[in-house]
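**Student:** If you read the sequence shown in my numbering, its first letter stands for residue 831, the second for the next number, and so on.
In this text, a Cβ means the ideal position worked out from N, Cα and C, and glycines have one as well.
Note that the coordinates shown come from a computational prediction; the quantities given were computed from them, not determined experimentally.
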Amino acid sequence: MIDTEIKEKKDCMGCYACKNICSLNCITMQSDNEGFWYPKVNYENCTKCGKCINVCPIMNQKEFENKPQGFACINRDENIRLESSSGGIFTLIAEQVIEDGGVVFGAAFNEKFQVEHSYIEVQEELYKFRGSKYVQSKIGETYNQAKKFLEMQRKVLFTGTPCQIAGLKSFLGRPYENLFCIDIVCHGVPSPYVWEKYIKYREKKAGSTTQRIAFRRKDEG
């Protein structure tokens, strides 16, 4: 199964597609010594159906010949731009999706400042997803959640790294007209373990607890 097919670390990008596709919940994502997540199969319940292998974007890579046009744009709202890492366009797209009765998925900090994927349905919570987070986010069950909303004919905006978007589309298995995806230019995600160690280091150095995190502040230029 999927865990025996992964020979090297480069063979897995931790996208969680295999975990989400397993209807028997045989797969758990366990972190290695560097903090990156890899699948582990419970063979007592596994029926060896092979879905976990067939859904893997790394093991089933596709070639795309389309070259979409690129556009440069920014949000006219200066306050939104200041809260965002780039031009604040995510907020505009997300607001429209929510206005249309849709759902927005993205990466947010939890109470321990770990990065996890979740979804929101009101514009007032969009602040959670604004701003870059240079840490691998935990996808959890969000692929399954997104599929349920799609099957309900609700618009879904899913944001993440290219690996996570590839995992989602592979998991879904077919195109959805009501699915909109935003991925980022990515050169690889830092380790959640390193991030956790860094927070502890900063808190010890400052003699205080973490209150807020901004990877790319704009208040100084």
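Is the stretch 933-953 in contact with the stretch 981-994, if contact means three or more CB pairs nearer than 8 Å?
**Tutor:** Contact holds: three or more Cβ-Cβ distances are below 8 Å.
**Student:** By the 10 Å Cβ neighbour count, where 16 or more other Cβ atoms means buried, how is Val952 classified, buried or exposed?
**Tutor:** Within the sequence shown, residue 952 is the residue found at index 122, counting from 1. By the 10 Å Cβ count, Val952 comes out exposed.
**Student:** What are the uninterrupted segments assigned as beta strand (DSSP E) that are 3 or more residues long and contained completely in the stretch 946-1005, given in chain order?
**Tutor:** Segments of the beta strand (DSSP E) lying fully in the stretch 946-1005: 986-990.
**Student:** Apart from the five residues just before and just after Asp930, which ones in its own chain have a Cβ nearer than 6 Å to its Cβ?
**Tutor:** The sequence position of residue 930 within the sequence shown is 100, counting from 1. Result list for Asp930: Lys985, in chain order.
**Student:** How many angstroms separate the CA atom of Asp841 from the CA atom of Thr921?
**Tutor:** The sequence position of residue 841 within the sequence shown is 11, counting from 1. The sequence position of residue 921 within the sequence shown is 91, counting from 1. Approximately 34 Å between the Cα atoms of the pair.
**Student:** My output table needs one value for Cys1011: the three-state DSSP class, helix, strand or coil.
**Tutor:** As a first step, residue 1011 is located in the sequence shown; it is residue number 181 there, counting from the start. Cys1011: strand per DSSP, three-state reduction.
**Student:** Smallest Cα separation from Lys881: which of Ser1000, Ile923, Met843?
**Tutor:** For the purposes of this step, residue 881 is taken as the residue at position 51 of the sequence shown. Measuring from the Cα of Lys881, the nearest candidate turns out to be Ser1000.
**Student:** Write down the C-beta distance between Cys852 and Gln994 rounded to the nearest angstrom, noting that I regard them as a contact closer than 8 Å.
**Tutor:** In the sequence shown, residue 852 corresponds to position 22, counting from 1. In the sequence shown, residue 994 corresponds to position 164, counting from 1. Rounded, the Cβ-Cβ distance is 18 Å, inconsistent with contact.
**Student:** Taking the beta strand (DSSP E) that Ala937 belongs to, which residues open and close that run?
**Tutor:** Residue numbering aside, residue 937 sits at position 107 when the sequence shown is read from its first letter. Note, Ala937: beta strand (DSSP E), 933-939.
**Student:** Identify every run of the beta strand (DSSP E) within the stretch 856-934, keeping only runs that are complete inside it and at least 3 residues long; order them along the chain.
**Tutor:** Counting whole runs of 3 or more residues, the stretch 856-934 contains the beta strand (DSSP E) stretches 857-861, 867-871.
**Student:** Determine the direct distance from the alpha carbon of Glu1026 to that of Asp862, and round the result to whole angstroms.
**Tutor:** Sequence index remark: in the sequence shown, residue 862 carries index 32 (1-based). Sequence index remark: in the sequence shown, residue 1026 carries index 196 (1-based). Rounded to whole angstroms, Asp862 to Glu1026 spans 14 Å at the Cα level.
**Student:** Kindly indicate the opening and closing residues of the alpha helix (DSSP H) around Thr834.
**Tutor:** One-based indexing of the sequence shown puts residue 834 at position 4. Per DSSP, Thr834 belongs to the alpha helix (DSSP H) from 832-835.
**Student:** Which value, in whole angstroms, describes the spacing of the CA atoms of Arg906 and Ile928?
**Tutor:** Stepping through the sequence shown from its first residue, residue 906 is reached at position 76. Stepping through the sequence shown from its first residue, residue 928 is reached at position 98. Straight-line Cα distance between these residues: approximately 19 Å.
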